[in-house]
Amino acid sequence: MQPGGDGLADLVDPRRLPRDDGLDQPRGGDVPLDVGEVLGVSDRTVARRWARMREADRVRLVGAVGGAGLGGAQWIIRMRCRPGSAEEVAQALARREDTRWVQLLSGGTEISASVQAWSAEERDELILQRLQRTAQIQTVTAHSILHVFGGGPDIFHAVDVLTSDELAALRPVFRAEPAAGITDADRPLLRVLNRDGRAPYAELAAATGWSESTVARRIEALRAAGLLFFDFDVDDRLLGFHAHTRMWLTVPPAHLLEAGRAIAAHPEVAFCAATTGRANLTVSVVCRDEADLFRYLTERIGALPNIGDVETGPIMRTASGRGPTREWRWSPERPSPLTRPQSRCSRTGMPPTGTGSEVLSQRSV
1 MQPGGDGLAD
11 LVDPRRLPRD
21 DGLDQPRGGD
31 VPLDVGEVLG
41 VSDRTVARRW
51 ARMREADRVR
61 LVGAVGGAGL
71 GGAQWIIRMR
81 CRPGSAEEVA
91 QALARREDTR
101 WVQLLSGGTE
111 ISASVQAWSA
121 EERDELILQR
131 LQRTAQIQTV
141 TAHSILHVFG
151 GGPDIFHAVD
161 VLTSDELAAL
171 RPVFRAEPAA
181 GITDADRPLL
191 RVLNRDGRAP
201 YAELAAATGW
211 SESTVARRIE
221 ALRAAGLLFF
231 DFDVDDRLLG
241 FHAHTRMWLT
251 VPPAHLLEAG
261 RAIAAHPEVA
271 FCAATTGRAN
281 LTVSVVCRDE
291 ADLFRYLTER
301 IGALPNIGDV
311 ETGPIMRTAS
321 GRGPTREWRW
331 SPERPSPLTR
341 PQSRCSRTGM
351 PPTGTGSEVL
361 SQRSV
């Protein structure tokens with residue numbers, strides 16, 4: 001689920017919410033009022049509530065690449081796995097830095113994942129080689145995202161609790177010149193921010209080899225260009241939503257733009273995009289319960305003209321959101337079965353054909 005982007009994430013990120021170490025970490029952009037002032041509560045109350053949710057592993061702030069920032073573009077992968085193996089495959093995919101929203105769908109044999117590779121070569125290496133050689137995966141379909149109608153840095157409207165004035169007060173104003181694009185030098189910066197959107201500048205400087213002031217300027221330039229945004233990774237249940245569903249719709253090309261815009265405007269929709277493939281519209285829907293989902297399908301989707309086939313896949317679990325694995329974890333007593341012995345890999349990190357889900361492990365970069 002993507003309930004935020006810069007609009008909602010700015011409630012905690014750009015200004016005054018203290019970190020555990022007491023350091024304020026602005027992330028580029030000036031905000032005239034801090035969170036406490038806008039909400040009418042003290043900074044201490046805001047920090048305490050944030051810390052409580054963070055410690056419970058119910059909410060995280062992560063940095064995400066926006067727009068067409070990476071050469072590999074963005075793809076949605078659907079995989080059908082052998083019975084009993086989908087969770088293991090999903091866990092392996094979730095550990096990769098080029099995957100987002102790895103989700104186990106209905107029946108426990110299908111996985112949906114978003115892939116945003118650094119380059120076309122890395123994208124092809126995953127889709128055309130690693131997935132095809134993984135024994136537990138029976139079928140793979142890949143769909144390129146052509147246009148995003150809603151999601152990413154947009155606000156998830158089903159949880160709108162702020163007025164337009166409050167949102168405007170929290171929206172950052174960028175003063176840096178927008179970055180022309182993302183470069184290879186940005187990779188260490190983005191990797192750390194993807195793990196923790198509030199990583200201190202000292203950590204970011206150590207990862208990049210830049211000064212802290214250079215890090216701050218680069219973050220602001222990337223944000224000003226829409227190439228980087230900060231997003232909440234929130235447990236749906238925390239907001240009262242218990243029916244998260246993926247949908248694939250078939251729409252005639254002449255009506256795709258109209259249908260995509262209409263569906264993206266629905267408050268239940270967290271993500272909506274046009275894709276390649278027979279089902280050319282993919283949607284992520286977040287409802288209160290199954291009855292709410294039924295109402296959405298019959299009253300909202302059913303009321304739209306020119307909608308052809310509709311396929312739904314209830315999401316059973318989410319292995320990763322914007323950042324690394326959050327919900328599914330291997331205990332110290334039970335090491336991951338996906339750990340590859342070094343002797344089985346070449347220097348490029350490519351394991352031999354047919355070694356199972358370990359094929360999906362992220363190679364060294």
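Numbering (the UniProt record's numbering), first residue to last: 1 to 365.
Just so you know, even glycine gets a beta-carbon here, dropped at the ideal spot from N, CA and C.
Cα-Cα separation between residue i and residue j, rounded to whole angstroms
{"i": "Arg187", "j": "Thr109", "result": "33 Å"}
{"i": "Asn194", "j": "Val65", "result": "9 Å"}
{"i": "Arg130", "j": "Thr163", "result": "47 Å"}
{"i": "Arg175", "j": "Asp165", "result": "21 Å"}
{"i": "Arg80", "j": "Cys272", "result": "22 Å"}
{"i": "Arg223", "j": "Arg217", "result": "10 Å"}
{"i": "Arg261", "j": "Val173", "result": "27 Å"}
{"i": "Arg49", "j": "Ala185", "result": "36 Å"}
{"i": "Asp57", "j": "Trp101", "result": "17 Å"}
{"i": "Gln132", "j": "Val140", "result": "8 Å"}
{"i": "Ala319", "j": "Leu238", "result": "17 Å"}
{"i": "Val38", "j": "Leu190", "result": "29 Å"}
{"i": "Val161", "j": "Leu167", "result": "10 Å"}
{"i": "Leu293", "j": "Gly151", "result": "19 Å"}
{"i": "Glu258", "j": "Glu122", "result": "34 Å"}
{"i": "Asp34", "j": "Glu55", "result": "23 Å"}
{"i": "Arg95", "j": "Glu88", "result": "11 Å"}
{"i": "Asp124", "j": "Asp231", "result": "27 Å"}
Residue i - DSSP class collapsed to helix/strand/coil
{"i": "Trp210", "result": "coil"}
{"i": "Thr141", "result": "strand"}
{"i": "Pro83", "result": "coil"}
{"i": "Asp231", "result": "strand"}
{"i": "Gly151", "result": "coil"}
{"i": "Pro252", "result": "coil"}
{"i": "Glu311", "result": "strand"}
{"i": "Ser119", "result": "coil"}
{"i": "Arg97", "result": "Here the sequence assigns Glu to residue 97, which means Arg is not the residue at that position. Glu97 falls in the coil class under three-state DSSP."}
{"i": "Arg326", "result": "Low confidence applies here, because Arg326 scores a pLDDT of 41, under 50, leaving its location unreliable; read the following figure in that light. Residue state, collapsed to three classes: coil."}
{"i": "Ile77", "result": "strand"}
{"i": "Phe174", "result": "coil"}
{"i": "Gln103", "result": "strand"}
{"i": "Thr163", "result": "coil"}
{"i": "Ala90", "result": "helix"}
{"i": "Thr298", "result": "helix"}
{"i": "Ile182", "result": "coil"}
{"i": "Gly63", "result": "strand"}
{"i": "Val215", "result": "helix"}
{"i": "Leu304", "result": "coil"}
{"i": "Arg48", "result": "helix"}
{"i": "Glu268", "result": "coil"}
{"i": "Val283", "result": "strand"}
{"i": "Arg130", "result": "helix"}
{"i": "Ala221", "result": "helix"}
{"i": "Ala199", "result": "coil"}
{"i": "Arg317", "result": "strand"}
Spatially closest choice to residue i from the options, by CA coordinates
{"i": "Ala120", "options": "Ala73, His244, Ala221, Arg78", "result": "Ala73"}
{"i": "Asp289", "options": "Ile315, Leu228, Val161", "result": "Ile315"}
{"i": "Ile77", "options": "Val65, Gly66, Ala90", "result": "Ala90"}
{"i": "Ala169", "options": "Arg317, Thr312, Gly40", "result": "Gly40"}
{"i": "Tyr201", "options": "Leu190, Arg191, Ser213, Asn194", "result": "Ser213"}
{"i": "Asp233", "options": "Arg198, Glu220, Val310", "result": "Arg198"}
{"i": "Pro305", "options": "Thr141, Ile263, Ala291", "result": "Ile263"}
{"i": "His244", "options": "Glu37, Gly84, Ser106", "result": "Ser106"}
{"i": "Pro83", "options": "Phe174, Leu128, Ile111, Val148", "result": "Ile111"}
{"i": "Arg317", "options": "Glu258, Leu281, Asp235, Thr45", "result": "Asp235"}
{"i": "Thr282", "options": "Asp292, Leu293, Val310", "result": "Val310"}
{"i": "Ala221", "options": "Thr183, Leu256, Asp231", "result": "Thr183"}
Within 7 Å, strictly: CB atoms of residue i and residue j
{"i": "Thr99", "j": "Ala117", "result": "no"}
{"i": "Arg300", "j": "His266", "result": "yes"}
{"i": "Gly181", "j": "Arg246", "result": "no"}
{"i": "Val59", "j": "Met53", "result": "yes"}
{"i": "Ile137", "j": "Thr275", "result": "no"}
{"i": "Ala225", "j": "Pro178", "result": "yes"}
{"i": "Leu104", "j": "Ala92", "result": "no"}
{"i": "Leu204", "j": "Val215", "result": "yes"}
{"i": "Ala270", "j": "Trp248", "result": "no"}
{"i": "Ala206", "j": "Val192", "result": "no"}
{"i": "Thr250", "j": "Gly308", "result": "yes"}
Beta-carbon proximity list for residue i, same chain, < 6 Å, skipping 5 on both sides
{"i": "Leu126", "result": "none"}
{"i": "Arg171", "result": "none"}
{"i": "Asp30", "result": "With a pLDDT of only 41 at Asp30, under 50, the local geometry of the prediction cannot be trusted, and the value read off the model is given with reservation. Within the same chain, Asp30 has close Cβ partners Val173."}
{"i": "His143", "result": "Ile76, Thr275, Thr276, Gly277"}
{"i": "Val148", "result": "Ala273"}
7 Å CB neighbourhood of residue i in its chain, flanking five on each side removed
{"i": "Glu268", "result": "Ala158, Val285, Val286, Cys287, Tyr296"}
{"i": "Pro253", "result": "none"}
{"i": "Leu11", "result": "Confidence is the limiting factor: at Leu11 the pLDDT is only 29, short of 50, which leaves the residue's position unreliable and the question unanswerable from this model."}
Close-in-space but distant-in-sequence residues of the same chain around residue i (CB under 8 Å, 5 per side omitted)
{"i": "Ser211", "result": "Ala205"}
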